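One structure is given here, and the rest of the page talks about it.
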């Protein structure tokens, strides 16, 4: 039963994620390919990585990562910003254009949270926070393996 519920939640989130990706991938000048859309989502999830960190996470070469990053910069979805600690290093930051495309997806998450907050008791919300933290911790430990 637990496995089926987790799979259902995962499937629902992934469907919304893919809907968001497909809304970003349009057949027009400056639009993202599916691979670029996934790449920008990885950059978002890594939280301002360097190009090296981006490449390492995806297990791709530095030159391949640089090519992907430069394409995303040209299209206006990310920017490179010098590191404060090492001026030779750049961090990848999301540009406003990224947020314009992903806001509807993130607004859906906000609506879900608002609905849960209005239908669950304070104790239920506290339990849910604890359970979600446990899920997050376990996902991180699985990903680290």
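Numbering (this note's numbering), first residue to last: 1 to 145.
Just so you know, even glycine gets a beta-carbon here, dropped at the ideal spot from N, CA and C.
Only a predicted model underlies this, so the values are computations on that prediction, with no experimental measurement involved.
Where the beta strand (DSSP E) containing residue i begins and where it ends
| i | result |
| --- | --- |
| residue 82 | 78 to 82 |
| residue 139 | First-last for residue 139: 122 to 144, but that is the alpha helix (DSSP H), not the beta strand (DSSP E). |
| residue 92 | 90 to 94 |
With 16 other Cβ atoms within 10 Å as the buried cut-off, status of residue i
| i | result |
| --- | --- |
| residue 143 | exposed |
| residue 120 | exposed |
| residue 2 | exposed |
| residue 102 | buried |
| residue 168 | Limits of the chain in this structure are 1 at one end and 145 at the other, which puts residue 168 out of reach. |
| residue 110 | exposed |
| residue 49 | buried |
| residue 135 | exposed |
Endpoints, alpha helix (DSSP H) assigned at residue i
| i | result |
| --- | --- |
| residue 68 | 62 to 74 |
| residue 52 | 51 to 58 |
| residue 1 | Here residue 1 belongs to no alpha helix (DSSP H), and DSSP marks it neither H nor E. |
| residue 45 | 34 to 46 |
Euclidean distance between Cα positions of residue i and residue j
| i | j | result |
| --- | --- | --- |
| residue 131 | residue 61 | 37 Å |
| residue 5 | residue 38 | 26 Å |
| residue 33 | residue 22 | 9 Å |
| residue 123 | residue 31 | 45 Å |
| residue 40 | residue 64 | 14 Å |
| residue 80 | residue 11 | 33 Å |
| residue 139 | residue 133 | 10 Å |
| residue 78 | residue 108 | 23 Å |
| residue 35 | residue 85 | 31 Å |
| residue 127 | residue 141 | 21 Å |
| residue 99 | residue 66 | 22 Å |
| residue 68 | residue 118 | 42 Å |
| residue 83 | residue 93 | 11 Å |
| residue 47 | residue 137 | 18 Å |
| residue 44 | residue 125 | 27 Å |
| residue 58 | residue 42 | 9 Å |
| residue 89 | residue 145 | 28 Å |
inquiry  = Tell me whether the stretch 1 to 21 and the stretch 52 to 59 touch, counting them as touching only if at least three CB pairs, one residue from each stretch, are closer than 8 Å.
reply    = Counting Cβ pairs under 8 Å, fewer than three are found: no touch.
- Query: Taking three-plus beta-carbon pairs below 8 Å as touching, is the stretch 70 to 78 in contact with the stretch 102 to 114?
  - Reply: Between the stretch 70 to 78 and the stretch 102 to 114, the count of Cβ pairs shorter than 8 Å is below three; the stretches do not touch.
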